[in-house]
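**Student:** Mapping the sequence shown onto our numbering, position 72 (from 1) lands on 74, and the numbers just tick up by one. After the structure tokens below, expect a handful of questions from me.
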Amino acid sequence: MVQKITKGIKVSVETHFEGMFYKNYKMHYAFGYRVKIDNQSNDKVQLESRFWCIKDSLNETETVSGEGVIGQKPILNPGESHTYQSGCLLTGPFGAMNGHYTMINFSTSKNFTVKIPSFKLSTPYALN
């Protein structure tokens with residue numbers, strides 16, 4: 003598990019390999035990840051949007067951005083957390099992801115950026 007705290011918001015990520023399959027005559031590797039967002043600040047906040055940078059071992063980079071996470075824009079009071087699961091496909095057996103969330107602080111009505119720590123994606127056999 004990797005973790006990072008930005009302005010009182012702690013982001014923790016755990017990953018797992020889900021399997022591989024052929025698509026369009028090309029091997030794909032499926033990875034899942036579980037993200038927990040803890041509001042350790044004294045302010046009520048809301049996650050507005052996400053940005054991901056996904057890199058694989060074949061030097062392919064994909065960026066993904068959009069509103070919320072898995073169709074939700076969670077509101078977190080101080081001490082609350084939100085957990086969700088998602089996944090990605092790579093064309094190589096390992097890679098990495100990082101990114102950030104844009105959040106709004108309800109006390110100040112200002113947006114701020116919360117960094118998502120860089121985490122590795124790797125097939126179990128690629129580790130040997």
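Ideal Cβ positions, reconstructed from N, Cα and C, are used throughout, including at glycine. Predicted model only: the values in this text are computed from it and were never measured.
Does the count of Cβ pairs from the region 19-30 and the region 114-130 closer than 8 angstroms reach three?
**Tutor:** Touching, yes, given that three or more Cβ pairs across the two stretches are closer than 8 angstroms.
**Student:** Quick check: the Cα distance between Glu62 and Phe53, rounded to an integer number of angstroms?
**Tutor:** Rounded to whole angstroms, Glu62 to Phe53 spans 17 angstroms at the Cα level.
**Student:** So the candidates are Asp58, Lys28, Ile39; which of them puts its Cα closest to the Cα of Thr8?
**Tutor:** Ranking Asp58, Lys28, Ile39 by Cα distance to Thr8 puts Ile39 first.
**Student:** Can you tell me whether Pro80 is helix, strand or coil according to DSSP?
**Tutor:** Here Pro80 sits in coil by DSSP.
**Student:** What does DSSP give as the partner residues of Lys122 in its beta bridges?
**Tutor:** BP columns for Lys122 point to Ala98.
**Student:** Given a cut-off of 9 angstroms on the beta-carbon distance, is the pair Asp45 and Asn107 in contact?
**Tutor:** Result yes, Cβ atoms of Asp45 and Asn107 sit closer than 9 angstroms.
**Student:** Within a Cβ cutoff of 8 angstroms, which residues of the same chain sit near Ser88, ignoring the five residues on either side of it in sequence?
**Tutor:** Closer than 8 angstroms at Cβ, skipping near neighbours: Gly34, Tyr35, Val37, Val71, Ile72.
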